[in-house]
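Residue numbers (my numbering): 97 to 607. Glycine is no exception: its CB is placed at the ideal position from the N, C-alpha and C atoms.
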RNA sequence: GGUCGGUUCAUCUAAGGGUUAGGAUUCAAGAUUUUCAUUCUUGCCAUAGGGGUUCGAAUCCCCUACCGACUGCCA
């Protein structure tokens, strides 16, 4: 087992969009596979026909691709252990379920869902919980309680039945979880889980064990919500006689919502202003839209990076990692056990780190489409120059417009606060003089402009700050932005002069 | 309710019996930027509570509290 090839799987159910917690699970599986030179597979767990959501599987695949977590095997990815969609493996599960019935590890049950619902309601009314298990199974309609002839008759009559696991009555099941250490369960508390449904499909429990075995999965890395069914899965491997080769288990902590209680859920994003899904998702039933990290302007590397640090750390102070670096530093031992609260502020910080590392060239290519959408056509070189100036004030590509729109369009209005603070008596006259000075400039570049300006200011004895801030208001509309003379240079002489004179006209005399 | 898991600054986390309990984010202050943002510096802020064990506990044990997951012919 120890020298076995590492093979891990990400096994989502296509019942909706992939949650960021799911992406993290995929990431940790991916990192583990890369770290150990193993295989990362994608398996679609679509055994519940009633919960099929159109587009969900495509969404999952597209999300993984966007993140760069490309499976080595999976539906559409090839691999020697396929098919990788459980609905396409339908035929193989029944035999395994029957094998368990034959060996006495399982039995057939004829109770209908309606009957079971009634038992549950009844128990609940009496303040107890109904459990289909050792204590109750003999009083229910199954191949254990019914005479063999009756069982024969029912099956012969085509009565639908499910196959349930026959949970041992009082057995301690202990497993060494790679993240949590030793965990022990007593089967007393467990029930006879359905393994094979009356609709001919296996449940998750049967399918995941059979498939993990058949696909030679060496390590199961999944969410904490699976911990309670771990003893069942362990027992299934035992029942099949697969204990020697069965995978090792690790259960990842949950991602909690930023404020309040509970795990992060799909509504939290809209309420708190951040995405919980990797990609934009349009709910095909309700038509509702859920924002995505991609559409919100996050870089996939940043998204992955922030996800990785949510529940894992390398034990050093390093926080920024490439995927490859994460893979080399990754280990399950360094995954924390407790749930982590997601912090949108830190997420923003991560994206900023990645944005700052990108060149102006790279960023400009992302900004051009934004400008284009606003019917602004400029050369790439101009965009590069602008990006260069304002990049450090941006966290997201989308910030470039807010931070730099004045490079592409004259201010439609002037910031009131700035005007009342800076547009004082005497200032307009000085601005007019500067306009005159600039109109005679021969070399329209930041450095010489600044020199001429400074010389003029000294000669006149004007206050630098006052005049510069006033000029800034005229050119950008407020007291923001990079170096004033760089702005002049990028705007060009004609545009600069035009903005100065419109401002003079619109703002009127100082007050 | 039961079972299982968890609990270090507001948040993500480090410290696997011996540190002034460290870093990051947020926040605040100062510097720089004749603007704003950035950047830099500094600061604020934590071992859930109670018992043990030990010369010594954030670390090991027990109890309590709180939080979470699960408790379906869902995954």
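- Per the coordinates, the alpha-carbon of residue 101 lies some 15 Å from the alpha-carbon of residue 127.
- Beta-bridge pairing by DSSP links residue 258 to 205.
- Remark: C-beta atoms of residue 287 and residue 227 approach each other more closely than 8 Å.
- Less than 8 Å divides the Cβ of residue 115 from the Cβ of residue 373.
- Residue 560 is classed as exposed because its beta carbon has fewer than 16 other beta carbons within 10 Å across all chains shown.
- Residue nearest to residue 104 within the set 343, 161 and 440 is 343 (criterion: CA-CA distance).
- Spanning the alpha carbons of residue 99 and residue 339 requires a straight line of approximately 16 Å.
- Shown here, residue 581 sits in a helix according to DSSP, grouped into three states.
- Here residue 587 is near residue 571, since their CB atoms are less than 8 Å apart.
- Checking the DSSP bridge columns, you'll see residue 359 partnered with 352.
- Put simply, of 186, 348 and 264 the residue whose alpha carbon is nearest the alpha carbon of residue 298 is 186.
- Residue 182 is classed as buried because its beta carbon has at least 16 other beta carbons within 10 Å across all chains shown.
- Following the DSSP letters along the chain, one finds residue 103 in no alpha helix (DSSP H) but inside the beta strand (DSSP E) bounded by residues 103-106.
- The C-beta separation of residue 124 from residue 317 comes to about 6 Å, placing the pair in contact by the 8 Å criterion.
- The beta carbons of residue 392 and residue 410 sit no closer together than 8 Å.
- When DSSP states are grouped into helix, strand and coil, residue 269 belongs to the strand group.
- When DSSP states are grouped into helix, strand and coil, residue 386 belongs to the strand group.
- With the rule of 3 Cβ pairs closer than 8 Å, the region 129-136 counts as touching the region 416-427.
- In this structure, the straight-line span from the alpha carbon of residue 457 to that of residue 278 is close to 52 Å.
- A distance of 8 Å or more separates the beta carbons of residue 427 and residue 349.
- Shortest Cα-Cα distance from residue 171 to any of 107, 120, 534 and 147 involves 107.
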